[in-house]
Structure formats: C-alpha cells, structure tokens
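The structure appears right after this line, and notes come after that.
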Amino acid sequence: MSKWPEALGERKVESYRKGIEDLPPLPNDSKYEVMTLRFAPNPDFVLHLGSARPAIINYAYKLKYEGLGKKVKFILRFEDTDPRTKRPLPEAYEAIKEDLRWLGIKWDEEYVQSDRMGIYYEIAKKILERGGAYVAAKGSDCTPDDWKRSKVTGKPCKNRDADPSINLELFDRMLEGRYKEGEAVMVIKTNLQHPDPSVRDWVAMRIIDTTKYPHPRVGSRYIVWPTYNFSVSIDDHLMGITHILRAQEHSVNTTKQSFVYTHMGWEQPEAIHFGRLKIVGMTLSKTKLKALGIKWDDIRLPTLAGLRNRGIQPEAIWNIILQVGIKPTDATISSANLFAENRKIIEPRANRYMAVIDPVKVIIEGVNEELTARLPMHPSFPDRGFREITLKSIDSKVTVFISKLDYEKAGIGSVIRLMELMNIEVINKDGNTLIARIHSKDLESAKRVNAPIIQWVPPDGLSIRVVRPENLRLINDVGLAEPAVEQVTSGEIVQFMRYGFVKKIERDRFVYVHD
RNA sequence: GCCCCGGUAGUAUAGCCCGGUCAAGUAUGUGGGCCUUUCGAGCCCGUGACCCGGGUUCAAAUCCCGGCCGGGGCACCA
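For the first sequence, the positions run 4 to 518 when the numbering used here is used.
Next up, the structure:
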C-alpha cells in the first residue's frame, strides 16, 4: 500500500472516510429531515476500547450522512442515575469528554441525566395519569412483593388496574420520602404474559437512600431515581433521537422501552444493535478494570487514556473500530491488530535512532583514525536530514556499546556490521566486553560475508529507561541511546532501530509503544 | 430456567436482504523473496475460510428446516 507517504502530513477527518463509506445505511434514513444520534456513557469510569465503539460508530454515521448532505445532530448524554451500584466518578465526566475530543468527536448538545430529575418526575406523573404505569408500595393494595408475584402468576396486583389518582398519590408519597429503599417502586405496565419475564411490568422509578449513597453531583437532593430504561426512553424522545446505535446487550431494553413510547404516544426511534468488542488478553469490563486498582490512564490498561499515553494514535482506534463494523456478532480483536494499524500511522512519522538495551562494551582494535557515522533521520525521507556521530581513536582503539542480545549472538571470528560505521571481526568475549578488530568499512564487504547489521551507541550515550507493558506487568528495559536522542521532544514517538517504537516521556524515560 | 442474536481463513471483516459475476475480496498473522545500509518498516509473491446434515433450485456462502457450537441479556445496573 503506497498510501502512507501522503499521510505524512496532518491527517484530517477526511482520512476516515474510507471506512465511513463502507458503513451500511441506517434504516429509514430518508424519513428524517434531521437525523439525531447520541452517545450516552455512564460516567462511572473513563472510556475504553469497548465504549469507544458506540462513540465512534455513532459519530462515523454523523460524518457519513453529513457527507451526503444530510443534517445530523450528535448528542452527548451522561447517564448517571444510579448513585448506589454504579456510582458516578466525579472526574469521569470531564475525562470522557477529553477522550472524545482526542478521538476527534464533537457533539452538538450535552446533557447530564442527574440534572434532569424534574423532567423524569413530570413524565412519570403523566404516564401514571394515562394509566401506563402504577406504583407498588408497602402498605398499599399492591406491595412490592405482590407486584413480583404478579409477574410469575400473570395475575395483576390491585394497583395495576386502580384509578390513576391512587397511583399518583402513592407516587407523591414516594417523592415525599415516606418509603425506604425497596418499599415502593413505580412500574411500567407491559404485558404480564410476555415470554421474557424481565419485560413484564418493569421498574421505572425506585428509591435510593442518597443520605447513605450521595450522588456526586446532586448529593442527597433526590431519593426517587429513574431506572435506565425509563430515563433513556424519555431522553431519547425529548432529545429527538432518530437512530439508536448501541451494543447488542441492549436489545431487550429496546423491547422494554417501546412500552413507554406506546403509553406516551411517542414515535419509536430506530434501534440498531451491534456486537460486543473484546480484545484478547485484556479485559474490557469496567468493574474488573476498576478492581485492578491501577489508575485509569495507566499504559497497561485498554482505556483510551491508557492507550493514548502508550502512544496509540486515535486514527488507529478509528480504523480498528470501523474495520469491525456494526455486525451483531461479537468481535474479538487482538492487540497485534491494533498495533498493526498504529504502526501504519506512526511508521512514516517516527524518526530513527540507535539505542541498545543492556549495553555491552565493545573495544575495537586497529582503528587509527577518527570515525564518523552519518545516519538518516528516516531512511524513507532523506529530506529530514542526518546527524553524525564521531568516535575518537585512542591507542588505535575505539569503544562502542551494543545490546546484550547482539553480544550473545556474536560468535568469535564472526563479522558484524555496526550500522553506518564499520564492520568488525569478533576476537574475544569475556562475558562483559567484546574485543574486536576492524574488518572493513564498506557495506559491500559486510554483505559478502552476510554480516548482521546492528545498531550501536558511542561511549557518550545517554542512559535511558524504557517502560514496557506486558499484560499487567511493567518491564523496565535499561540501556543507552545515542546522544541525538536528547533532542527528541517529550511526547514524540520515535523508533529505536531493531527494538521498537517508543514514546519519550522525560529526558531519559520512554514508553514502549510496540514493535 | 427463560428471552434474543449469531456462526466466512490463526484473528477481524466483505459478500448473505435482491441465489449465478464467489473455485469467495480486504486487513492482520504466517512462509518465501526483494530492498536506496535499521527493522519486527516498505515492496513483491505465496499460504489459508463459507459449522454440520437435510431440503428448495438448472444453480446456495447466500433461501427453508433440523442439529451442533458460540455470544449476549434477564427480573428496583447502565
């Protein structure tokens, strides 16, 4: 593929188009004047590769349809209606927005569900008035236990068919704080005979003791909270969402939510479900990731922040997500796949440097002159220039360092080419030092004897440390790098030749991106 | 237990709706070669798949049935 040279410059949104064109059209796309899509994360954690999928797919559709001249709105909505079991993380609201910006995703409107409690109460009352819901409450004709039993027996409990005024009154009592957790719920009337028991008369409003579990944003102001299915139905309608693209785990929720739409006389939005994304060797379970006790932007984690810190480019994530597409099947991608995408992007950008891990000293005899190596910053782009490394000869000897791996492979009597410098013949190895003599200087001579070509570092090299994540462990590679590495700016990704791509984080510290 | 969805190479995906152009495309992986002196980069060549069994049809990866396997969800999480 020769598309990379041109990709060297700034990559704009246009470069995403390839995958976007391949996206299948959305159902009834022509029916809507304006299409409205949304991304609705729970701010109980930051975004990771799995949650990036709905964000990217929704946004990709926005770009796709805008490219076709359609008006498309993209809404960001934080779904934080459970202060108890999915407690929002206060920092997550901003961190998620940061993740989205990094992905190049812009939103037209932003909402936080915990700011909208009044709206949910209002709709709850309306749906009660319309007889689309009822309250099961302790001390009433339908206790929470009665309601639960009715789902098994199929026989409705009293309040289900009672006059709306009774249920409205019970709901007011809920709001007044007369009930404790578990003592009262508002449930949506669905179908007590529905084959899926979880669809039968599901809970729309429940009590959460916010003195015990204060909400990070609204504290203990509310004790009656909407469940996911209720608040989502309301918001999707009120925000005019036309197409809901979400993971397959939500398919039953579409069924449940349809009852709210029916009771309220609202038009159903189009729902599309895609499979889950898994990555081999890494968990994408938020619960499990949190349980690790590692900060969410750690380079070991598949969070967007972790991947970002590790040197993965947002384009690589886009590419992988668009490649996987919107199939309803689960997709298991390998990190090799993600790294391959990333490599395509960073390979032309990353300048090349020499570094050796676990340095071993090499003394080369028979060198009577000063030697200078001229190394291109990037072999494919000579216009990026060169830097020179000069080695002084003392008593006809010069000293360099090579990596232990190369030292171990060097047999006595063999010839090795030190990149751009000279060819040496190994005389002796004593475990700590390699003694060699100059064999020749030109590449041709090295090729004739099939000499390996390796990188090396002069004695005035810079001590470096590269942190390399391996599953959940962090491995520290220590070594030496050529002096020019000091000029690399922090945050820049370069390639340490024959080692891998690294990202500079401090003067002498690097993160291993991948090979 | 109950409900939903799906099964194309090692992995991921295209094709399936509207059956023939699919002896199945692409990416990654893998094998080999080339390469202006890095490489695990690039370039070139190769490798490798339609879950199984029936049926419909002149013709099935594509439609129907059964089986097997996998995934997801579930009753006051989102």
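Think of the CB as a built atom: it goes at the ideal place given N, C-alpha and C, for glycine as much as any other residue.
Given that a residue counts as buried once 16 or more other Cβ atoms are within 10 Å of its Cβ, and exposed if not, what is E582? No answer is possible for residue 582: the residues shown for the chain start at 4 and end at 518.
Quick one, are the C-beta atoms of T393 and K364 less than 9 Å apart? no
Please work out which residues of its chain come closer than 7 Å, Cβ to Cβ, to I211, disregarding the five sequence neighbours upstream and downstream, and give them in chain order. P86, R87, E184, I226, W228
Pick out whichever of C160, P351, K291, Y114 has its Cα sitting closest to the Cα of I544. Nothing about residue 544 can be reported from this structure: the residues present for the chain run from 4 to 518 only.
What's the C-alpha gap between V370 and S493? 37 Å
Cβ shell of I126 (< 7 Å), same chain only, five flanking positions each side left out: I237
Which residue from T436, P93, L378, L408 puts its Cα closest to that of L424? L378
Does R163 come out as helix, strand or coil in the three-state DSSP assignment? helix
Cβ-based neighbour list, E132, same chain, cut-off 6 Å, excluding 5 preceding and 5 following: Contacts found: P167.
From the DSSP output, in three-state form, read off R512 for me. strand
Between K407, T39, L92, which has its C-alpha nearest K73's C-alpha? T39
To the nearest angstrom, how far is the alpha carbon of D2 from that of S396? What the structure shows of the chain is the stretch from 4 to 518, and residue 2 is not part of that stretch, so it cannot be assessed.
Buried or exposed by the 16-neighbour rule on C-beta atoms within 10 Å, applied to I478: The residue in question, I478, is exposed, as its Cβ has fewer than 16 Cβ neighbours within 10 Å.
What residues in its chain sit with their C-beta under 6 Å from that of I244, if we drop five residues either side in the sequence? Only T39, R41, P272 meet the Cβ criterion.
Is Q326 buried or exposed, if buried means 16 or more other CB atoms sit within 10 Å of its CB? exposed
State whether the stretch 298 to 306 contacts the stretch 44 to 54, with contact taken as three or more CB pairs (one from each stretch) at a distance under 8 Å. yes
For M267, which three-state DSSP category applies? helix
With a threshold of 7 Å on Cβ separation, who are the neighbours of Q196 within its own chain once the five nearest residues in sequence on each side are excluded? Within the same chain, and ignoring the five residues on either side of Q196 in sequence, the residues whose Cβ sits closer than 7 Å to its Cβ are G157.
Limits of the beta strand (DSSP E) - the one that Y114 falls within: Segment 112 to 115, the beta strand (DSSP E) holding Y114.
What's the C-alpha gap between E82 and V469? 39 Å
Need the endpoints of the beta strand (DSSP E) that H276 sits in, please. 273 to 277
Nearest neighbour of L483, chosen from I496, R510, L475 [CA to CA]: Of all alpha-carbon atoms in I496, R510, L475, the one lying nearest the alpha-carbon of L483 is that of R510.
With a CB to CB cut of under 6 Å and the five nearest residues on each side skipped, what residues in its chain are close to I247? P272, A274
If we ignore side chains and look at the alpha-carbon of each, how far apart do Y216 and L241 end up? 28 Å
From the DSSP output, which residues share a beta bridge with A127? Answer is none; A127 lacks a bridge partner.
Do N232 and A207 have their C-beta atoms closer together than 9 Å? yes
Taking V359 as the reference, which of Q498, P385, N345, P472 has the closest Cα? Q498
Check D480 in the structure and name its three-state DSSP category. strand
Pull up the CB-CB distance for W150 and V202, whole angstroms please, since I reckon it's below 8 Å. Rounded, the Cβ-Cβ distance is 14 Å, inconsistent with contact.
Which residue from W459, P91, N61 puts its Cα closest to that of M500? W459
At what residue ranges does the stretch 236 to 323 contain a whole run of the alpha helix (DSSP H), taking only runs of 4 or more? 254 to 267, 289 to 294, 307 to 313
Is it a yes or a no for the stretch 416 to 432 touching the stretch 443 to 454, going by three-plus beta-carbon pairs under 8 Å? yes
When the Cα atoms are used, what is the spatial distance from D333 to F277? Rounded to the nearest angstrom, the two C-alpha atoms are 8 Å apart.
Of all the alpha helix (DSSP H) runs that stay within the bounds of the stretch 164 to 242, which reach a length of 4 or more residues? Correct list: 167 to 179, 231 to 241.
Is it buried or exposed, A58, if we count other Cβ atoms within 10 angstroms and call 16 or more buried? buried
Between the stretch 103 to 118 and the stretch 300 to 318, can you find at least three pairs of beta-carbon atoms closer than 8 Å? yes
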